[in-house]
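A.B. asks: Residue numbers (UniProt numbering): 1 to 272. Every residue gets a Cβ at the ideal spot worked out from N, C-alpha and C, and that includes glycine.
#1: Which same chain residues end up closer than 6 Å to residue 255 when comparing Cβ atoms and leaving out the 5 residues on each side of it in sequence?
#2: Checking 9 Å against the spacing of the C-beta atoms, do residue 88 and residue 55 come in under that value?
#3: Count the other C-beta atoms from every protein chain shown that fall within 10 angstroms of the C-beta of residue 122, then say buried if there are 16 or more, exposed otherwise.
#4: On the criterion of 16 or more Cβ atoms from any shown chain inside 10 Å, does residue 324 qualify as buried, or is it exposed?
#5: Using the rule of at least 16 other Cβ atoms within 10 Å of the residue's Cβ for burial, across every protein chain shown, is residue 181 buried or exposed?
#6: In this structure, what does DSSP give as the bridge partners for residue 223?
#7: Grab me the residues of residue 12's own chain with a C-beta within less than 6 Å of its C-beta, minus the 5 sequence neighbours each way, in chain order.
#8: Does the region 43 to 53 come close enough to the region 91 to 98 that 3 or more CB-CB pairs lie under 8 Å?
#9: Use the C-beta contact count for residue 179: other C-beta atoms within 10 angstroms, 16 or more gives buried, fewer gives exposed.
#10: Tell me the rounded alpha-carbon separation between residue 262 and residue 67.
#11: Relative to the C-alpha of residue 161, which residue among 71, 124 and 247 is closest?
#12: Enumerate, from N- to C-terminal direction, the unbroken alpha helix (DSSP H) stretches of 4 or more residues contained entirely within the UniProt domain "Thioredoxin" (134 to 272).
#13: Alpha carbon to alpha carbon, how far is residue 220 from residue 211?
#14: Measuring CB atoms only, is the region 39 to 49 touching the region 16 to 30, in the sense that at least three cross pairs come out at less than 8 Å?
#15: Let me know the secondary structure DSSP gives residue 18 once reduced to three states.
#16: What does the Cβ neighbour count give for residue 223, buried or exposed, with the cut at 16 atoms within 10 Å?
#17: Is residue 166 near residue 197, with beta carbons less than 9 Å apart?
#18: Can you tell me whether residue 190 is buried or exposed? The criterion is at least 16 other CB atoms within 10 Å of its CB, across all chains shown.
#19: Between residue 157 and residue 272, what straight-line distance do the alpha-carbon atoms span, to the nearest angstrom?
#20: Just to confirm, is the Cβ distance from residue 146 to residue 61 under 9 Å?
#21: Determine the contact status of residue 249 and residue 140, defining contact as a CB-CB distance below 9 Å.
#22: Would you kindly work out how many angstroms separate the C-alpha atoms of residue 195 and residue 173, rounded to a whole number?
#23: Kindly give me the distance between the Cβ atoms of residue 99 and residue 110, rounded to whole angstroms, as I take these residues to be in contact under 8 Å.
#24: Output needed for residue 108: all residues of its chain with C-beta closer than 7 Å, excluding positions within five of it in sequence on either side, in chain order.
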């Protein structure tokens, strides 16, 4: 599950899980110490979360540093989903352990906070994974698509047909989709070994053709998901959504929201 709908808004699931888990952990820490130390204990937990996020970001970016260096602003674009969870968990745990060692009165509180946060975060992610079918690398869903050029219909696995693929779910009315589209179009031209599949969600052939003509985008491999079934099939309730499949049609990564050029290139590199 990539996103959830709250009225007209679609929000990414992963940050929501992290925020709620961190809030619960900080609340537990605050309730387990003397009243005068409550704020100090809560801040200790929040600082552990921030240090963990910093370590997770650095851990992800380092292998792709040359890519991110080409667009330095992308280093700080935390929306791209580039995190190394193990580095973040280790950093946050190390900070809490160090603070507990130097603050004996709060050792129990910080230990319970760490246990609470880890349990909620791990449990929620496990529940999401289970709700998505319990597969580490789910197969591309059997959603029927219509080729914009020929009008022929094929399932997504047939479209992927044995070649690594980046599948972008988009619509012409979606402002974030329009923002990232030039970067995706450039990547399609730059990466002949990876196929880019643009799956429009629910618009007519005429509307899609008009948008492409007006925008000047030379996109290839454009398909229409008339029933808008692909998003729900992969657990996404909003646009844009970008999926990454290996040559066997297994989903190896996914991103909800605008994807910056560096994050896109890093994920494409991982597909090669």
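C.D. replies: The answer reads as follows:
#1: What you label residue 255 is simply residue 255 of the chain shown in a count that begins at 1. So the qualifying residues of the chain are 81 and 242.
#2: Translated into the one-based positions of the chain shown, residue 88 becomes position 88. Translated into the one-based positions of the chain shown, residue 55 becomes position 55. One thing to note: residue 88 has its Cβ within 9 Å of the Cβ of residue 55.
#3: In the chain shown, counting from the first residue as 1, residue 122 sits at position 122. Label assigned to residue 122: exposed.
#4: Residue 324 is absent from the model: the chain starts at 1 and stops at 272.
#5: Counting from one through the chain shown, the residue named residue 181 turns up at place 181. So residue 181 ends up on the buried side.
#6: The count along the chain shown starts at 1 and reaches residue 223 at position 223. Beta-bridge pairing links residue 223 to 147 and 199.
#7: In the chain shown, counting from the first residue as 1, residue 12 sits at position 12. Here the set comprises 3 and 256.
#8: Touching, per the Cβ criterion.
#9: Taking the first residue of the chain shown as 1, we reach residue 179 at position 179. Exposed, since its Cβ has fewer than 16 Cβ neighbours within 10 Å.
#10: The sequence position of residue 262 within the chain shown is 262, counting from 1. The sequence position of residue 67 within the chain shown is 67, counting from 1. Each residue's Cα considered, the two are about 6 Å apart.
#11: Taking the chain shown and counting its residues from 1, the one referred to as residue 161 is at position 161. Of the candidates 71, 124 and 247, the one whose C-alpha sits nearest the C-alpha of residue 161 is 247.
#12: Unbroken alpha helix (DSSP H) runs of no fewer than 4 residues, entirely contained in the UniProt domain "Thioredoxin" (134 to 272), are found at 156 to 160, 175 to 190, 205 to 215, 230 to 233 and 261 to 271, following chain order.
#13: If you number the chain shown from 1, residue 220 lands on position 220. If you number the chain shown from 1, residue 211 lands on position 211. About 14 Å.
#14: They touch, by the three-pair rule.
#15: Here residue 18 refers to the residue found at position 18 when the chain shown is read from its first residue. In the three-state DSSP reduction, residue 18 falls in the helix class (H, G or I).
#16: Residue numbering aside, residue 223 sits at position 223 when the chain shown is read from its first letter. Buried, by the Cβ-count rule.
#17: For the purposes of this step, residue 166 is identified with residue 166 of the chain shown, where counting begins at 1. For the purposes of this step, residue 197 is identified with residue 197 of the chain shown, where counting begins at 1. Residue 197 is positioned such that its CB atom lies closer than 9 Å to that of residue 166.
#18: Locating residue 190 in the chain shown gives position 190, where the first residue counts as 1. It is exposed - the Cβ of residue 190 has fewer than 16 other Cβ atoms within 10 Å.
#19: Mapped onto the chain shown, residue 157 falls at position 157. Mapped onto the chain shown, residue 272 falls at position 272. Rounded to whole angstroms, residue 157 to residue 272 spans 19 Å at the Cα level.
#20: One-based indexing of the chain shown puts residue 146 at position 146. One-based indexing of the chain shown puts residue 61 at position 61. In this structure, residue 146 keeps its C-beta atom at 9 Å or more from the C-beta atom of residue 61.
#21: If you number the chain shown from 1, residue 249 lands on position 249. If you number the chain shown from 1, residue 140 lands on position 140. For the pair residue 249 and residue 140, the CB atoms are nearer than the 9 Å cut-off.
#22: Position 195 of the chain shown, counted from the first residue, corresponds to residue 195. Position 173 of the chain shown, counted from the first residue, corresponds to residue 173. Each residue's alpha carbon lies about 24 Å from the other.
#23: Stepping through the chain shown from its first residue, residue 99 is reached at position 99. Stepping through the chain shown from its first residue, residue 110 is reached at position 110. Confirmed, Cβ separation roughly 6 Å.
#24: Locating residue 108 in the chain shown gives position 108, counting from the first residue. Around residue 108: 32.
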